[in-house]
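Novice: Dropping the structure in here first, questions after.
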Amino acid sequence: MDKIYGRKPVLDTLDTDIKVYKAYILKQNSKLVDKIIDKLNQKNIEISFVDKRFFDKIDMNHQGVMLEVESFKYSSLEDLSDSSRLIILDKIEDPHNLGAIIRSAESFGFDAVIIPERRSASVTSTVYKTSAGAINNIKVVRVTNLTRTIKDLKDKGFWIYGLAGEAHSDISHADLRGKVGLVVGNEGEGISRLVRENCDMLINIPMLGRVNSLNASVAAAISMYELLRQNGFN
């Protein structure tokens with residue numbers, strides 16, 4: 007069972023087919039919370055009105071609302087047969103970064119986010135909250151072996167581009183049209199060696215300042231926007 011916190015993530019979840027077991031709500035003067043309560047009543051979902059002490063032990067921006075829902079269902083590679091835009095994450099261990107990347111991926115029209123089972127953040131309540139509900143509208147695929155997955159995607163016609171600060175090719179000079187997978191590594195180590203070696207091309211995001219690296223979610227968002235731009239925003 008997963009827990010979803012925050013008014014917008016909760017409201018967005020109630021507009022999906024995700025099974026909701028129970029809601030916990032702190033009574034408050036909020037039109038958005040009133041809307042949540044109306045939706046819960048329409049769906050005959052049990053509501054427990056709680057006092058402030060219930061949420062005091064929760065270390066996140068809960069906004070006085072929480073849902074208990076069925077555990078997140080990851081998609082599989084077989085579900086990506088009609089996909090053409092993928093973001094592939096290598097060792098993104100911060101759930102805030104994962105949630106932010108999922109939010110950007112959904113906003114820029116990507117079909118799925120691929121993460122490895124090991125050394126990666128998984129979908130948690132923090133990811134739900136940080137994605138601002140976007141996770142309900144995009145596939146998240148968790149794979150056993152990222153290198154093998156990249157090879158399989160290449161066999162299916164994908165071109166795989168890895169973001170690397172030391173790469174010689176500017177992202178704007180890469181051809182990001184067609185079936186493309188963008189690989190983003192973590193801020194400390196970047197893309198792992200085997201993943202790097204299996205990318206078709208390494209590309210960088212040009213920067214003019216003294217800081218020579220970007221937050222992983224920022225780098226991912228910039229690269230996804232560039233792909234969308236090259237495809238005529240379609």
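For my numbering, count along the sequence shown from 1 and bump the result up by 6. Cβ coordinates follow ideal geometry from the N, Cα and C atoms, glycine included.
Rounding to the nearest angstrom, what Cα-Cα distance links S89 and G115 in this structure?
Specialist: So the alpha carbons of these two residues sit roughly 11 Å apart.
Novice: How many Å lie between I10 and H174 at the Cα?
Specialist: Approximately 42 Å, taken between the alpha carbons.
Novice: My parser needs the alpha helix (DSSP H) runs of 4 or more residues fully inside the stretch 8-38; what are they?
Specialist: As far as the stretch 8-38 is concerned, its whole alpha helix (DSSP H) runs of at least 4 residues are 13-20.
Novice: Which residues in the same chain as N47 place their Cβ atom closer than 8 Å to its Cβ, once the five residues preceding and following it in sequence are excluded?
Specialist: For N47, where only same-chain residues beyond five positions count, the Cβ hits under 8 Å are I53.
Novice: Can you tell which of G139, C205, V147, N151 has its C-alpha closest to the C-alpha of F164?
Specialist: Measuring from the Cα of F164, the nearest candidate turns out to be C205.
Novice: How many angstroms separate the CA atom of S77 from the CA atom of V129?
Specialist: Approximately 9 Å, taken between the alpha carbons.
Novice: Could you check whether R91 and I121 sit closer than 8 Å to each other, using their CB atoms as the reference points?
Specialist: It is not a contact, given that the beta carbons lie outside the stated cut-off.
Novice: Below 8 Å on the Cβ atoms is my contact criterion, and I expect G105 with K135 to pass it. Report the Cβ-Cβ distance as a whole number of Å.
Specialist: Contact flag correct, Cβ pair sits at about 7 Å.
Novice: So, is H68 buried or exposed, given that buried needs 16 or more other C-beta atoms within 10 angstroms?
Specialist: When all chains shown are included, H68 counts as buried.
Novice: Just grab the DSSP bridge partners of Y167 for me.
Specialist: The partner list for Y167 (beta bridge, DSSP) reads L188, M207.
Novice: If you reduce the DSSP assignment to three classes, tell me which class R183 lands in.
Specialist: In the structure shown, R183 sits in coil (DSSP, three-state: anything other than H, G, I, E or B).
Novice: Taking 8 Å as the threshold (C-beta atoms), are L233 and V189 in contact?
Specialist: Cβ distance not < 8 Å, so V189 and L233 don't count as in contact.
Novice: Would K28 pass as a contact of I42 if the rule is Cβ separation under 8 Å?
Specialist: No.
Novice: By the 10 Å Cβ neighbour count, where 16 or more other Cβ atoms means buried, how is K97 classified, buried or exposed?
Specialist: Its Cβ being crowded by 16 or more others within 10 Å, K97 is buried.
Novice: Residues bridged to M72 by DSSP?
Specialist: For M72, which the question treats as bridged, DSSP gives the partners Y11, Y30.
Novice: Exposed or buried, P212, counting other C-beta atoms within 10 Å across all chains shown (16 or more means buried)?
Specialist: The residue in question, P212, is exposed, as its Cβ has fewer than 16 Cβ neighbours within 10 Å.
Novice: Going by DSSP, what residues sit across from S81 in a beta bridge?
Specialist: DSSP lists V147 as partners of S81.
Novice: E99: which of T155, R125, K37 sits nearest, CA to CA?
Specialist: Comparing Cα positions, the closest option is R125.
Novice: Ignore the nearest five residues each way along the sequence and tell me which others in S82's own chain have a CB closer than 7 Å to its CB.
Specialist: Excluding positions up to five away in sequence, the list reads V147.
Novice: For N240, is the classification buried or exposed, using 16 other Cβ atoms within 10 angstroms of its Cβ as the cut-off for buried?
Specialist: N240 should be labelled exposed.
Novice: Expressed to the nearest angstrom, what Euclidean distance is found between the alpha-carbon atoms of M72 and F61?
Specialist: Rounded to whole angstroms, M72 to F61 spans 9 Å at the Cα level.
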